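Quick notes on the structure that follows.
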């Protein structure tokens, strides 16, 4: 499983569009799209910082396989 899926699950968990998420976490909208599409791999530190800015503390729903 690629990291982009977790970025997408994180965004969908907070019910945000890519544009809304990019404004909250301080990244370009295109970067969010690139991460979700696995064009670029997200670093763990970036993922954790994003989760912190979004107020996500419980990763069970995001990390579990569907």
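Residue numbers (the working numbering): 22 to 87. C-beta: ideal position from N, C-alpha, C; glycine also. Since we're looking at a predicted model, the values are computed, not measured.
Item	Value
For residue 27, which of helix, strand or coil comes out of DSSP?	helix
DSSP three-state label for residue 80, please.	coil
Considering only the beta carbon of each residue, do residue 66 and residue 27 sit closer than 8 Å?	no
Does DSSP put residue 36 in a helix, a strand or coil?	coil
Could you name the residues of the same chain whose beta carbon sits closer than 8 Å to that of residue 68, not counting the 5 residues immediately before and after it, in chain order?	24, 27, 28, 31
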